[in-house]
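Protein chains in written order, with full-length UniProt numbering: chain R, 1 to 537; chain Y, 1 to 823.
Think of the CB as a built atom: it goes at the ideal place given N, C-alpha and C, for glycine as much as any other residue.
Encoded as structure tokens, the structure appears first; notes follow it.
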Amino acid sequence: MEALLSTQHAAAASSPTMTRPLPGAAPAGRVAFGRARRAGRASRDAPRVATGLGRLLGQAAAAVADSKQSTRDAEDASTFRLFVGLPIDSVAPDGSSVSSAKAKGIEAGIRAVKLLGADGVELQVFWSVVQPESPDRFSWAGYRAVADMAAAEGLSLRVSLRIHGTPGGNVPILPGWVTAAAASDPDILFTDRSGSRHEDCVSFAVDELPVLAGRSPLSRYEAFFRSFTDAFHDLFESTITDVTVGLGPNGELRYPSYPPGSSAATFTGVGEFQCYDKYMLAQLKQHAEESGHPLWGLSGPHDTPGYNESPDSKDFFRDHGGSWESPYGDFFLSWYAGNLVNHGDRVLGMASAVFGDKPVELSAKVPFMHWWHGAKSRPAEAVAGFYKSNKKNGYSPVAKMFARHGVTMVVPGMDVCMNKQHRSTGSSPDQLLVQIKNACRRHGARIAGENASLVMTHTSSFSRIRSNILTTERVRPSHFTYQRMGADFFSPKHWPAFTEFVRSVVCGEWDEDDADADMAAANAAGRRDNAWETQLV
Amino acid sequence: MSAASWSIPAIPRAAPPARGGLPGDAFLVAARPGPGRRRAAPGRRLRLRGGGVVVARAGAAEVPVTHPEESGVVFSEKFPLRRCKTVQGKAWARVVAEPDGEGMCKIVIGCDVEGKWVLHWGVSYDGEQGREWDQPPSEVRPPGSVTIKDYAIETPLVGSPNSEGHMVHEVEIKFNQDTPIAIINFVLKEEETGAWFQHKGGDFRIPLSGSLEDGDPFGAQQDTVHPGAKPEGSSAQPQETVPGDKGPSVKRISEFYGEYPILKSEYVQNFVSVTVTENSETDKSLVEFDTDITGQVIIHWGVCKDNTMTWEIPSEPHPPKTKIFRQKALQTLLQQKTDGTGNTISFLLNADYSGLVFVLKLDEYTWLRNVDNGFDFYIPLKEPHKSDEQKVDDKSAQTDGLIGDIRNLVVGLSSRRGQRAKNKVLQEDILQEIERLAAEAYSIFRSPTIDAVEDSVYIDDPATVKPACSGTGSGFEILCQGFNWESHKSGKWYVELGAKAKELASLGFTIVWSPPPTDSVSPEGYMPRDLYNLNSRYGTIEELKQLVNIFHEAGVKVLGDAVLNHRCAQFQNQNGVWNIFGGRINWDDRAVVADDPHFQGRGNKSSGDNFHAAPNIDHSQDFVRNDLKEWLCWMRKEVGYDGWRLDFVRGFWGGYVKDYLEASEPYFAVGEYWDSLSYTYGEMDYNQDAHRQRIVDWINATSGTAGAFDVTTKGILHMALERSEYWRLSDEKGKPPGVLGWWPSRAVTFIENHDTGSTQGHWRFPYGMEMQGYVYILTHPGTPAVFYDHVFSHLQQDIAKLISVRRRLKIHCRSKVYNMHRK
């Protein structure tokens with residue numbers, strides 16, 4: 001049909017989703033996703049004002065599809081939504097206003113992705129920005145302004161409530177008063193074996209202890225969430241469709257197993273256990289005593305490798321005969337992972353209560369620990385807190401907990417390709433994704449997707465994302481958020497490829513259209529060249 | 001278009017236009033809507049005024065006039081048009097080495113593109129550092145030259161027909177064969193458009209003797225002020241020839257010819273006016289187009305119904321000379337006016353269309369759109385009904401035109417599939433809008449995001465102050481440069497400076513930097529000869545000792561200016577090359593680095609950059625270092641110097657400096673590591689990390705035994721103050737952007753010295769901004785250095801106040817800086 005855009009036309013040659021299907025063998029992605037989207041959109045949006053190129057074309061396609069009396073659509077009414085992440089530092093560090101240098105850029109960016117056909121934008125809302133100075137004062141004006149921009153464009157908004165910090169993200173890592181509390185009791189922060197503290201992350205062990213100005217972190221989180229629902233109550237019906245609950249560092253349910261101060265997003269070493277603050281150690285001790293092995297609770301394992309060492313360099317994670325396989329290893333890892341699940345359980349339970357009556361899809365993020373996936377002990381997963389006894393799927397307990405709360409699991413790694421990773425780290429993104437999907441399928445948790453990083457160098461990552469989100473598998477992402485707007489995002493190196501990606505996702509395929517599609521494309525290309533010159537005027 | 005890639009008309013001292021900075025073709029959206037991103041919704045903004053219908057077009061140049069009672073004019077408007085004319089040509093530079101009748105050589109710089117050309121130029125003298133320009137000597141200035149500031153002149157090019165009858169613009173600069181000028185630097189300026197033509201974003205540099213590659217003292221330099229400014233590079237200069245041999249030490253003017261493509265573009269203003277007259281008898285509308293563009297003009301047009309902006313082809317008959325363009329538009333050739341002033345056409349249209357949309361086409365590559373909104377022109381053909389107006393108002397209040405267009409298109413699609421092809425124009429508009437928005441977002445996000453920065457200094461607990469060392473002194477030092485470029489002239493500077501010792505001490509200075517003391521070829525002292533002869537143009541060794549004593553009595557330490565990089569010889573070797581030294585350190589050519597052909601050294605290769613005016617000392621050899629250590633220790637003891645200011649430390653490895661400092665045990669030492677900051681297209685980069693990294697690397701090589709002048713901070717202050725670009729004052733991590741932000745205790749901050757300012761003015765601090773500069777460096781960590789000329793000027797009182805504030809608050813070289821972002 002409207003394959004009239006030159007880039008689209010160019011894409012037609014390369015993209016498999018653009019090719020004409022063989023008779024009787026329709027490409028899987030096309031049928032399942034394309035129809036679902038069209039049908040869903042058409043029915044859902046009928047009363048809504050359709051806007052944007054993608055919507056426009058998608059609807060047109062829907063009309064076409066309807067007219068062809070496709071029978072397969074009816075059962076699969078779930079809609080897929082595409083979000084684009086807003087800059088992480090959209091709001092001034094004190095939360096009072098939109099970052100003034102960026103406001104116009106954010107506005108233009110929101111509009112651009114809107115016209116492109118994205119369904120919504122994702123906004124990271126930081127605890128540290130909303131309550132910078134005092135536990136009693138909330139400063140929502142900045143985030144409100146950004147949300148209003150999205151609302152004005154008729155976009156959906158996925159809000160990520162972030163409790164823990166992002167080192168290097170140009171955002172304060174924790175509220176000042178939390179940092180002050182940590183200064184008087186450093187043990188409320190995650191601590192590694194050498195005693196280094198994670199200044200961006202409050203230990204899960206103190207969730208229910210009154211360490212933050214007389215109240216527990218959990219109740220502070222709850223106050224933060226409740227204040228959010230109050231401040232944005234009017235947007236829940238119209239704009240805010242998703243709330244993602246931050247469960248740990250980088251917004252993910254995990255231990256900060258990376259070196260303190262480094263970025264969780266870029267660290268690809270094995271990592272270390274983070275159980276050396278006194279509260280964690282006390283819990284470990286108690287747990288060991290209850291299990292009848294008091295000696296196992298005196299400290300963490302002594303023979304683990306350092307952050308960047310090979311898992312083979314010390315005994316604990318060795319493939320053969322490593323202590324992880326011993327009863328002690330299982331004891332420790334089960335406790336360590338169980339603590340993580342318990343933390344997630346607590347926070348999600350609280351969040352479910354807070355957002356239970358709101359028409360939003362609740363989700364939470366897990367880490368995509370694809371490094372050292374080849375090692376039997378899955379060391380990177382284990383130190384991040386993903387472990388299940390007897391070499392079973394480490395994501396399984398987490399998926400079970402997510403399913404219990406009806407929370408969607410956001411998997412951030414839909415773009416990670418095998419070829420991007422160094423073999424030496426034993427990375428296996430494909431297997432990990434299968435593993436996560438298996439866990440979710442078994443326990444009935446929904447998934448959603450994100451990309452790990454901006455697709456700058458390997459445009460093949462875009463096709464990977466596409467195949468991951470346009471899959472016919474039962475476990476299919478309900479939404480995907482592309483991270484994230486910024487200078488690189490809009491740079492000529494990235495934007496054209498992204499545009500093409502979005503169009504191929506939101507518009508589905510054109511192949512079923514009229515015979516003169518090629519000609520139309522040719523026309524478009526011709527006219528586009530002319531238009532091009534016009535622009536130079 | 002290859003020519004365009006380098007000849008982007010860069011406008012110095014102004015941000016490059018957004019599109020200029022966008023590589024690739026993705027964002028070349030030039031036809032931008034008017035301010036406020038307003039996209040006129042054609043035919044939507046309707047108002048009733050005085051009974052007649054006025055179709056107000058947002059941003060249109062002229063208020064449309066209607067004459068409902070006269071002749072049924074429905075619409076009449078004159079639209080401005082803007083088109084870009086590009087002229088391609090070349091510029092050239094030719095050095096004629098053969099002297100003419102008067103014994104003068106000449107350089108001819110010319111260009112064959114029409115315009116009012118001005119040569120903006122300066123020179124570099126032999127053996128000079130840096131890429132700063134100097135003003136050419138008056139005897140070489142062609143008539144009609146105008147002085148621009150103190151470093152350049154502008155000379156108009158004179159147009160004359162060449163042998164083929166084309167107009168060429170040229171200027172001749174005549175100079176003597178033995179001119180001290182090494183390089184002519186220039187850019188071309190076109191007066192009428194104000195456009196500047198640079199060479200790969202930098203200056204054109206024409207060497208008068210030989211090529212720059214072996215003669216350029218800065219060939220080894222990694223970063224120059226104008227990256228890539230050297231006219232070398234085979235691909236870019238296919239026609240450049242540099243013949244001429246070159247003796248090792250005798251300078252000769254070489255023939256040179258270089259040709260450079262030039263692309264000049266200018267905007268031309270035209271108009272098209274459209275008048276629609278209702279003809280009630282025939283129920284048709286008479287549409288008239290009129291434009292002042294001469295040559296072939298085609299209107300590419302269609303009609304639409306119901307305000308949808310959906311292009312349709314009107315029913316026949318079509319006007320004469322009309323072609324149907326791909327079933328979606330008509331292309332009608334306008335008729336030339338008989339008087340040759342433009343083109344016009346008029347034709348009748350059925351009245352059942354609501355509007356006419358068009359763009360103008362001049363040739364395959366030139367389409368003219370609505371300047372106002374960057375899209376199509378829209379001409380309403382009939383009076384809108386009131387109900388329409390009401391409806392439209394609701395919509396426009398809700399959203400802007402584009403969204404409405406899309407909505408209409410969706411309706412159109414679902415109801416009339418057959419018309420899809422006609423919607424392509426609109427879809428392209430959407431895509432263009434997307435690209436434009438992306439370009440806008442890109443330009444905003446990629447620029448630094450600091451809004452306003454106010455620095456305040458946090459005062460350390462004195463307990464954290466570290467013990468004194470030669471890199472920092474006590475940590476609370478405030479330095480005064482005790483001389484300027486003219487100080488040697490009196491012959492008794494030491495006496496004069498000594499008389500000011502008490503005053504300097506009372507102002508709060510703790511260290512004074514005294515001029516280079518040795519016997520020197522140049523009067524300023526930076527071309528040392530006999531190192532142990534401390535009688536110089538500044539005074540005798542006795543006066544120097546006296547000066548040091550006076551300062552010590554006043555409680556002020558004294559730095560000696562030690563020139564270790566190079567040393568002038570006293571004797572010639574058997575080849576007549578000056579490389580045999582005299583005096584107590586009577587080295588021969590073995591002490592001279594091997595990689596400077598001028599001085600035929602037999603030492604090792606230099607461990608740093610070469611200073612080309614004198615033999616560079618080979619510090620890698622033990623005997624050289626031992627002699628220099630001995631000399632430094634002798635000066636410490638004999639003169640009483642407390643420390644060193646080390647000249648041109650770029651010339652040798654910092655590790656040797658460490659050696660010297662450990663031997664001479666100074667109280668304080670600071671090195672001059674001066675190279676150019678990073679610039680892109682003449683615009684100083686925000687991120688100067690590479691520049692400060694080089695300085696920090698040097699300090700590191702000295703193991704922190706010496707500080708270094710914070711050239712980075714000076715450069716950034718220039719831009720920040722001169723252009724109020726205060727966002728430059730915070731780096732990406734919110735720290736100060738100079739050496740100050742990375743290694744404050746070793747940063748010796750300054751805003752001016754004898755080279756940058758004084759009577760040399762190689763890199764003068766923005767005029768009138770000196771106090772702001774001092775406010776910055778005196779309230780920040782690092783060790784501030786104040787220039788003599790400023791201390792003894794009207795600024796003295798203010799400087800004294802700042803120093804007293806600094807001392808009162810106990811700000812020291814390691815104080816912490818907090819960036820307060822102020823709303």
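- Residue 586 of chain Y carries a coil assignment under DSSP once its states are collapsed to helix, strand and coil.
- Residue-level contact by beta carbon fails for residue 723 of chain Y and chain R, as no gap is shorter than 8 Å.
- A straight line joining the alpha-carbon of residue 241 of chain R with that of residue 111 of chain R spans about 18 Å.
- For residue 173 of chain R, the secondary structure class from DSSP, reduced to helix, strand or coil, is coil.
- Near chain Y, meaning a CB-to-CB distance below 7 Å, the residues of the stretch 99-117 of chain R are 99, 100, 101, 102, 104, 105, 108, 109, 111, 112, 115 and 116.
- Across the stretch 469-493 of chain R, CB contacts with chain Y closer than 8 Å involve 485, 486, 487, 489, 490, 491, 492 and 493, in sequence order along the chain.
- Closer than 8 Å to the CB of residue 437 of chain Y there is at least one CB belonging to chain R.
- Per the coordinates, the alpha-carbon of residue 260 of chain R lies some 29 Å from the alpha-carbon of residue 136 of chain R.
- Against chain R, a Cβ distance below 7 Å from residue 442 of chain Y picks out 487, 490 and 491.
- Chain Y places no beta carbon closer than 8 Å to that of residue 140 of chain R, leaving this residue out of the contacts.
- Taking the Cα positions, residue 390 of chain R is about 23 Å away from residue 285 of chain R.
- Note that the C-beta distance between residue 520 of chain Y and residue 561 of chain Y is not below 8 Å.
- Note on geometry: alpha-carbon atoms of residue 354 of chain Y and residue 296 of chain Y lie some 28 Å from one another.
- CA-to-CA, the gap between residue 271 of chain R and residue 319 of chain R works out to about 17 Å.
- Using a Cβ-Cβ cut-off of 7 Å, residue 335 of chain R is close to nothing in chain Y; its nearest Cβ partner there is about 39 Å away.
- With its beta carbon less than 8 Å from one in chain R, residue 433 of chain Y belongs to the interface.
- Bridge partners of residue 186 of chain Y according to DSSP: Y:121 and Y:204.
- Using beta-carbon distances, residue 177 of chain R does not count as an interface residue toward chain Y, since no partner is under 8 Å.
- Taking 8 Å as the cut-off, the Cβ atoms of residue 91 of chain R and residue 129 of chain R count as close.
- Excluding its 5 nearest sequence neighbours in each direction, residue 279 of chain Y has C-beta neighbours in its own chain below 6 Å: 286, listed in chain order.
- In this structure, DSSP gives residue 774 of chain Y a helical state, which the three-state scheme calls helix.
- For residue 299 of chain Y, no chain R residue has a C-beta closer than 9 Å to its own C-beta; the minimum C-beta separation is roughly 14 Å.
- Between residue 483 of chain Y and residue 788 of chain Y, the C-beta gap is smaller than 8 Å, which places the two residues in contact.
- Listed along chain R, no residue sits closer than 9 Å to residue 289 of chain Y by beta-carbon distance, the nearest being about 18 Å off.
- Leaving aside the five residues that flank residue 771 of chain Y on each side, the residues in its chain whose CB is nearer than 7 Å to its CB run, in chain order, 795 and 798.
- The stretch 132-188 of chain R contains, as complete alpha helix (DSSP H) runs of 4+ residues, the segments 141-152 and 176-184 (chain order).
- Counting the other CB atoms within 10 Å of its CB gives residue 596 of chain Y a total of 16 or more, which places it among the buried residues.
- Within 10 angstroms of the beta-carbon of residue 565 of chain Y lie 16 or more other beta-carbons, which makes it buried.
- Apart from sequence neighbours up to five positions away, the residues of its chain that approach residue 291 of chain Y with a beta-carbon distance below 8 Å are 81, 270, 271, 272, 273, 297, 334, 342, 343, 344 and 360, ordered along the chain.
- Beta-carbon to beta-carbon, residue 651 of chain Y and residue 698 of chain Y are separated by about 11 Å, too far to satisfy the 8 Å threshold.
- The alpha-carbon of residue 128 of chain Y is positioned some 30 Å away from that of residue 195 of chain Y.
- For the pair residue 190 of chain Y and residue 305 of chain Y, the CB atoms are not nearer than the 8 Å cut-off.
- Rounded to whole angstroms, the Cβ separation of residue 704 of chain Y and residue 746 of chain Y is 6 Å, and the two are in contact under 8 Å.
- Using a Cβ distance threshold of 8 Å, residue 450 of chain R and residue 410 of chain R count as a contacting pair.
- Assigned with DSSP and collapsed to three states, residue 651 of chain Y falls in helix.
- By the Cβ neighbour-count rule, residue 434 of chain R is exposed, with fewer than 16 other Cβ atoms within 10 Å of its own.
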